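Using the numbering used here, read the sequence shown as starting at 5 and increasing by one per residue.
Some notes on the structure that comes next.
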Amino acid sequence: MAKILEASDLKLKFEPAYDNAQALLCPRCGSANLHHETVLSFHRAEEDGEVLMTRIEGAECIVNMPVNNLKNPSRRRGAVRVGFCCESCDKVGHVGVTLNIIQHKGVTYFEWCLVEA
Ligand SMILES: [Zn+2]
């Protein structure tokens, strides 16, 4: 049965790691064993302009592919979407957790996006 997440679970949480580094914690289970897998970068030079996406997954990279803005986490400008796999809670049926880094009106926002099975 899927865990029901509270809004507070979706806040970014960290634990101290080494020097000035902090370990990002999984929003589902709190584990620090997250691995980034896919990175999508959405470039939009101006509002309502064309959206170009670059996708990196392992050794594969697709650069500047025009996409529909519905794929872009930012409605107006650019964004980065990082897909993570969690060693502790990723199982069949879980889609994984995604961190969106969104630019909006000169401010950078971080948000978790996840789908539960
Ligand atoms: Zn987890």
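No residue lacks a Cβ here, since even glycine has one placed at the ideal position from N, Cα and C.
All values reported here derive from a predicted model rather than from experimental measurement.
Beta-carbon spacing of residue 73, residue 55 below 8 Å: It is a contact, given that the beta carbons lie within the stated cut-off.
Ends of the beta strand (DSSP E) at residue 22? Neither: residue 22 is in no beta strand (DSSP E) and is coded neither H nor E.
Reduced DSSP category for residue 29 - H, G, I as helix; E, B as strand; rest coil: Looking at residue 29 - three-state DSSP - the assignment turns out to be coil, as it is neither helix nor strand.
Excluding sequence positions up to five away, which residues of its chain have a Cβ less than 6 Å from the Cβ of residue 91? Taking C-beta separations shorter than 6 Å and ignoring five residues to either side along the sequence, the partners of residue 91 in its chain run 37, following chain order.
Any idea which residues DSSP pairs residue 89 with across the strands? Under DSSP, residue 89 forms a beta bridge with 39.
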